[in-house]
Every structure is written in C-alpha cells, then in structure tokens.
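Some notes on the structure that comes next.
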Amino acid sequence: MSRLNETILSANGLDYHYDDDNRVFSDLTFSVDKGAYYILSGPNGIGKSTLLKLIAGIAKPDKGSITVSAPRISYLSQLDADKRSSFALNVREIVSLGIKNRPFSFMKTIDWQKVDDWLAVFKLTDLKYRRLDELSGGQQQKARLAKCLITQPDLLLLDEPDTGIDESSREDIRNILSHLNKEHGMTIIVVSHHIEEYGEPCKKMLLSSSDLTEALE
Amino acid sequence: MISLLDIMNPFDAFSFSFFNRALLIVAILSLVLPLVGVRLAGRGASMIADTLSHTSLAGIAIGLISGGLPMVWAIVFSAIASILIEAIRRKFPKYSELSLTIILSFSLGLTGILGNFSSSSRFESYLFGSLFTVSWDQVIALGAICAAGLVYEILFYRSNMLLSYSEIEAKANGVKVVPLSLIDTVITSMIVAAASNTIGSLLVSSFISIPVACALRGGKSNFMTNILAIVCSLASAIVGLFLAFSISLHVGGVIVMVNLIVLIVTIIITGIRKRKKPKGS
Numbered sequence: 002m003s004r005l006n007e008t009i010l011s012a013n014g015l016d017y018h019y020d021d022d023n024r025v026f027s028d029l030t031f032s033v034d035k036g037a038y039y040i041l042s043g044p045n046g047i048g049k050s051t052l053l054k055l056i057a058g059i060a061k062p063d064k065g066s067i068t069v070s071a072p073r074i075s076y077l078s079q080l081d082a083d084k085r086s087s088f089a090l091n092v093r094e095i096v097s098l099g100i101k102n103r104p105f106s107f108m109k110t111i112d113w114q115k116v117d118d119w120l121a122v123f124k125l126t127d128l129k130y131r132r133l134d135e136l137s138g139g140q141q142q143k144a145r146l147a148k149c150l151i152t153q154p155d156l157l158l159l160d161e162p163d164t165g166i167d168e169s170s171r172e173d174i175r176n177i178l179s180h181l182n183k184e185h186g187m188t189i190i191v192v193s194h195h196i197e198e199y200g201e202p203c204k205k206m207l208l209s210s211s212d213l214t215e216a217l218e
Numbered sequence: 192m193i194s195l196l197d198i199m200n201p202f203d204a205f206s207f208s209f210f211n212r213a214l215l216i217v218a219i220l221s222l223v224l225p226l227v228g229v230r231l232a233g234r235g236a237s238m239i240a241d242t243l244s245h246t247s248l249a250g251i252a253i254g255l256i257s258g259g260l261p262m263v264w265a266i267v268f269s270a271i272a273s274i275l276i277e278a279i280r281r282k283f284p285k286y287s288e289l290s291l292t293i294i295l296s297f298s299l300g301l302t303g304i305l306g307n308f309s310s311s312s313r314f315e316s317y318l319f320g321s322l323f324t325v326s327w328d329q330v331i332a333l334g335a336i337c338a339a340g341l342v343y344e345i346l347f348y349r350s351n352m353l354l355s356y357s358e359i360e361a362k363a364n365g366v367k368v369v370p371l372s373l374i375d376t377v378i379t380s381m382i383v384a385a386a387s388n389t390i391g392s393l394l395v396s397s398f399i400s401i402p403v404a405c406a407l408r409g410g411k412s413n414f415m416t417n418i419l420a421i422v423c424s425l426a427s428a429i430v431g432l433f434l435a436f437s438i439s440l441h442v443g444g445v446i447v448m449v450n451l452i453v454l455i456v457t458i459i460i461t462g463i464r465k466r467k468k469p470k471g472s
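First to last, the protein sequences are chains W and V.
To convert a position in the first sequence, counted from 1, into the working numbering, add 1.
To convert a position in the second sequence, counted from 1, into the working numbering, add 191.
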C-alpha cells in the first residue's frame, strides 16, 4: 500500500497474540504514506484495535517492529474501552486533557482559547460547562475527538469513533475528518463498523492475519 | 465532664488546647481527604480507602504490641498493602476488586489475632479515633504527611484527571500509568493510615467518600467538585467538632453524622431544583 510518497509509518514482521491459543496476526508488514486516510476493516478479533494500540505505542508487539515518523500522534480509544466513569469532568476539561501532559504541567497555562476554538468546530460551545455524563453519546464522542485534535496531530488513530452514535453525529465527524485530511494533510487511520458510510478521500483497507491490503469494493 | 451548660459561648472552646489541636486536625484532613476521595472515585476505586484504613489497623496492632509508634507501623503496613493491592490489580485486571478483598481479609485476620495481645481500650481508640486526645506530635506528623499528599495532588492533578478519564488514552498521552498508579496508592495509604490514627480506622472512609458524594450533586467540573468536597468536609467537620464538644459525644461519629445530614439536604435541594427546571433547559 506504500506509494513513492513519504512514509509516516512502517511495520515489519509484526506478531501479536493475547495468549498461546489466540494469535491475532503474524508477520504483518505494511507502510502508510504521509497524508493517507484509511478506514480499517476486517473480521472480529482479527486485531484492528490492537494494531492501533501498537501504532500508538500503548502495546508492544511480540515480534517485529513499528517505526512511526510523526512528531505528534493522537489516539482515541473505544468509548467504553476501560470503563472509567469520566466522573465529574466537564467538556472543557476533557478537551484540555488532549494537550500533551508532562509532570508538573499544572504550572503550564492551558490555552483555553484553543480549547474553545475546537469546541466551536464540533458545535459544542453551548455545552462546554456540561459534565460529560450529561451529554448524549454523539456529543460525548465529539468532545473526545476534540480532545484528540487539539494538538493538531500528524497521525490520528481512531478506534470506532462512530459506534453507538446517531447518523447526523457520524456525518459531522466524517466531514471534519475529511476536511482535516484534505486541507491539513493529516494522516488518519480509523477502525469503524460503518465502513460503507465513508467515501472519498479515504481508502478502505482490509486487515487479515498476515496482511493489510486495499479492500475490494 | 464538659456539658452544654458549662459552655455559654461556643468560642470558649478555643481556650482549650485539646480543642485547638482537634480543630487543626480536622482542618488538615478536610483539605486533603476530599482530594483523595475525588481522585479515587474518579477511578472507580473508592473502596481502596476503606481497605487501606482497615489494613492500617493491623499496623496499629503491631505498633501497640511491639511498643513502637502505632502511626509509623500503620503507615508502613498500609504502604506495603497498597503495593500488594496494585500488584494484584495488575495481575487480575478484569477482577481488580478481588485484590481489595484479599488484602482486607488478610489484614482483618491478622488484626483479630494481634488484637488478643494488646490492651482492648487502647485498641478501641484507634477503631473510632479520639480526636480530643491527640498530641502535638500527632498533629505535626499528620500535618507533614498531609502536606506531602497535598503537594502530590497538585503536582499530578492533570495526570490523575487524565487517568480518571481513560487509562488507555493517558498511556497514549505519555502518562507513566503503572508508576503513577503505584505512587498514587502508596500516597493514599500513607494519608489514610495517618488519618486513621486520629479519626479512627472505621471512620476514615466516610471522611473520604461522603463529601465527594455531596460535591458531585453540585459540581459542574472536576475542579469545582474538588473545591465543593473540601468546603463540605470542612463545614461538616467544624460543626461536628463544636457539637461533639458541646454535648460530649464522640467527635468522629458526630462529624460523620453531620456529613450525612449535609448529603441528605444536598440531595433534597438538588432534587427540588432539578424538578423546578423546565424540560429542555
């Protein structure tokens, strides 16, 4: 899937298994061009989410290596991936959490204007002082996505950003992603169960146990 | 015995040094314990405080038998227990609450055995606390530990907020999740053990959780929830302290009851306000 363009990500001989009987993929080799926009599909349990985690550096492969040449990477986990309550955080606080965290970063003044600008992009300005648990699924997902985008990442990894939300919110999210890819050249990889809803400019990719290839329409 | 009749003016209480020490203790605890409570509740781990406070009892029992300082033993024992809890949680991530039950069972079993060898009246004072008998040494020790806890809560405020939002995304955002969780649990154990020593092991978790429950009813952000929890805790503690002093009742118990009354009133008021709000606003 690599072109002659600049490569932002390359994976060589990746092996990963949850336990001895549950291997998700082996000897997986691929590369991703800078500015690509991929929708990742494949059978359940093939390791789509795991692949995103490997790229994000959250998980380590059993074998093989991944080289990412993006200074800023953002990763959106599945909505209830780790069952945290999100507690009393309001929308503004959630989005501000996207700003790179460093020890003692309480001293760093958060650029609240930037936070508000991103909230405006997702039409969340009126809800900025609402707690996350007071929002609909679609609004929550938009707030979480704004958190990922506030650093304007070079590589954006989204794990099912459109699961459990209404059609209009899914469309809003797709439009914003298309704009970021076309106008800002952001490299985007999305795992989605709504693959049929994505059109140009994204490419549909199919993950198998040993390969990542362009999906046939 | 001091009774209501003896105290014409509640401010007379300030002339007693034991009252001032107790006031200082509840002020320090009201500043730090709610912050611990909000952090733990955000991570769905409020029961850790309860487990650690019971664990500190085993440490206190060792201290009483060995003739050492019960507070030091409580802190050491709770810190070791907290490291074990974190290790078991990581080993069984899907059944993380099991670690609390395992450590709690071990600690209570050990406390039951060790309790046979120590004076029952002294041991009882650690169960329910005895705020009016704390010494200046205890105030200083508690102050030092809580100051360290406060510094931790401020320095790692954003990291902990991110951790309460999503552990996976915290990892992706560069937070060292495993070391931070470990430091987090050890700091919590130290604060809880030191607090157990003054307000009683059985009452610590109420000091941690009830103000958070009150604050959650009105807090519109994580920051505001922290502030409201502190205000709620401080107000209940001061009212409870004066009340207990005036009518000669057990201080810790009265403060917990005042805290619960505040919680019930908060639930009623916020419930009425929600009803009054027109739909769709």
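From the three backbone atoms N, C-alpha and C, an ideal C-beta is built for every residue, glycine too.
Since the model is a prediction, treat every value here as computed from it, not as a measurement.
Which bits of chain W does residue i rub up against, with CB to CB less than 7 Å?
i                 : result
Ala435 of chain V : Going along chain W, no residue has its Cβ under 7 Å from Ala435 of chain V, so there is no contact; the nearest lies around 31 Å.
Ala232 of chain V : Phe88
Lys411 of chain V : Asn91, Tyr130 and Arg132
Buried or exposed for residue i, please, with buried defined as at least 16 other CB atoms from any protein chain shown within 10 angstroms of its CB.
i                 : result
His245 of chain V : buried
Ser472 of chain V : Bear in mind that the predicted position of Ser472 of chain V carries a pLDDT of just 43, short of 50, making it too unreliable to give a figure here.
Trp113 of chain W : exposed
Leu196 of chain V : Confidence at Leu196 of chain V is low in this model, with a pLDDT of 49, below 50, so its placement is unreliable and the value that follows should be read with caution. Result: exposed.
Ser193 of chain W : buried
Ile421 of chain V : buried
Glu161 of chain W : buried
Val456 of chain V : exposed
Leu1 of chain W   : An answer regarding residue 1 of chain W cannot be provided, because it is not within the stretch 2 to 218 covered by chain W.
Phe347 of chain V : buried
Thr126 of chain W : exposed
Glu487 of chain V : Residue 487 of chain V lies beyond the range of chain V shown here (192 to 472); nothing can be said about it.
Asn473 of chain V : The displayed coordinates of chain V run from 192 to 472. Any statement about residue 473 of chain V would go beyond what the structure contains.
Ile359 of chain V : buried
Asn417 of chain V : buried
Thr376 of chain V : buried
Thr302 of chain V : buried
Thr214 of chain W : exposed
Val342 of chain V : exposed
Ala406 of chain V : buried
Thr30 of chain W  : exposed
Val217 of chain V : buried
Trp327 of chain V : exposed
Asn413 of chain V : buried
Ser70 of chain W  : exposed
Thr324 of chain V : exposed
Asn176 of chain W : exposed
Phe283 of chain V : exposed
Lys362 of chain V : buried
Under 7 Å Cβ-Cβ, which residues of chain V neighbour residue i?
i                 : result
Ser78 of chain W  : Ser357, Ile359 and Glu360
Lys124 of chain W : Those do not exist, as Lys124 of chain W stays about 18 Å from chain V at its closest Cβ, beyond 7 Å.
Ile95 of chain W  : Tyr356
Lys205 of chain W : Here the premise fails: no neighbours, minimum Cβ distance about 25 Å.
Arg35 of chain W  : In the sequence as presented, Arg is not what sits at residue 35 of chain W; that position holds Lys. Those within 7 Å of Lys35 of chain W in chain V number zero; the least Cβ separation is about 20 Å.
Leu120 of chain W : The contacting residues do not exist; Leu120 of chain W stays about 14 Å from chain V at best.
Check the C-beta distance from residue i over to residue j and give it rounded, since I have them as a contact under 8 Å.
i                 : j                 : result
Tyr32 of chain W  : Leu207 of chain W : Here residue 32 of chain W is Ser; the residue named in the question, Tyr, does not match the sequence. Not quite, the Cβ-Cβ distance comes to about 16 Å (not below 8 Å), so this is no contact.
Ile279 of chain V : Leu289 of chain V : 7 Å
Leu158 of chain W : Ile100 of chain W : Not confirmed; about 18 Å, so no contact.
Ser424 of chain V : Leu224 of chain V : 7 Å
Leu128 of chain W : Gln142 of chain W : The pair is not a contact, with the Cβ atoms about 13 Å apart (cut-off 8 Å).
Ser211 of chain W : Phe26 of chain W  : 6 Å
Gly36 of chain W  : Thr188 of chain W : 6 Å
Ala144 of chain W : Val96 of chain W  : 6 Å
Cys149 of chain W : Ile40 of chain W  : Contact doesn't hold; Cβ gap of about 17 Å is too wide.
Ala249 of chain V : Leu305 of chain V : 7 Å
Leu255 of chain V : Phe314 of chain V : 6 Å
Met352 of chain V : Glu94 of chain W  : 7 Å
Residues of chain V with a CB under 9 Å from the CB of residue i: which are they?
i                 : result
Lys143 of chain W : Going along chain V, no residue has its Cβ under 9 Å from Lys143 of chain W, so there is no contact; the nearest lies around 15 Å.
Lys115 of chain W : Residues of chain V passing the Cβ test: none, with the nearest at roughly 16 Å.
Just to make sure I have the definition right: I need the residues of chain V whose C-beta is within less than 8 Å of the C-beta of residue i. Which are they?
i                 : result
Lys183 of chain W : Those do not exist, as Lys183 of chain W stays about 25 Å from chain V at its closest Cβ, beyond 8 Å.
Quiz item: What residues in the segment 353-370 of chain V bring their beta carbon closer than 7 Å to a beta carbon of chain W?
Solution: Listed in chain order, the positions of the segment 353-370 of chain V with a beta carbon within less than 7 Å of a beta carbon of chain W are Leu353, Ser355, Tyr356, Ser357, Glu358, Ile359, Glu360, Lys362, Ala363, Asn364, Gly365 and Val366.
Exercise for the section: Report yes or no: do three or more beta-carbon pairs, one from the segment 319-330 of chain V and one from the segment 365-377 of chain V, lie closer than 8 Å? Expected result: no
- Message: Closer than 8 Å between beta carbons: that is the criterion. Which residues of the segment 44-73 of chain W meet it against chain V?
- Response: Taking 8 Å as the Cβ-Cβ cut-off against chain V, the residues of the segment 44-73 of chain W that qualify are Lys54, Ala57, Gly58 and Ile59.
* Selection of the segment 404-430 of chain V by Cβ proximity to chain W, strictly under 9 Å -> Ala406, Leu407, Gly410, Lys411, Ser412, Asn413, Phe414, Met415, Thr416 and Asn417
Between the segment 429-447 of chain V and the segment 385-398 of chain V, do at least 3 Cβ pairs fall closer than 8 Å?
yes
Check: Is it true that the segment 423-430 of chain V meets the segment 376-386 of chain V, where meeting means three or more beta-carbon pairs spaced less than 8 Å apart?
Finding: no
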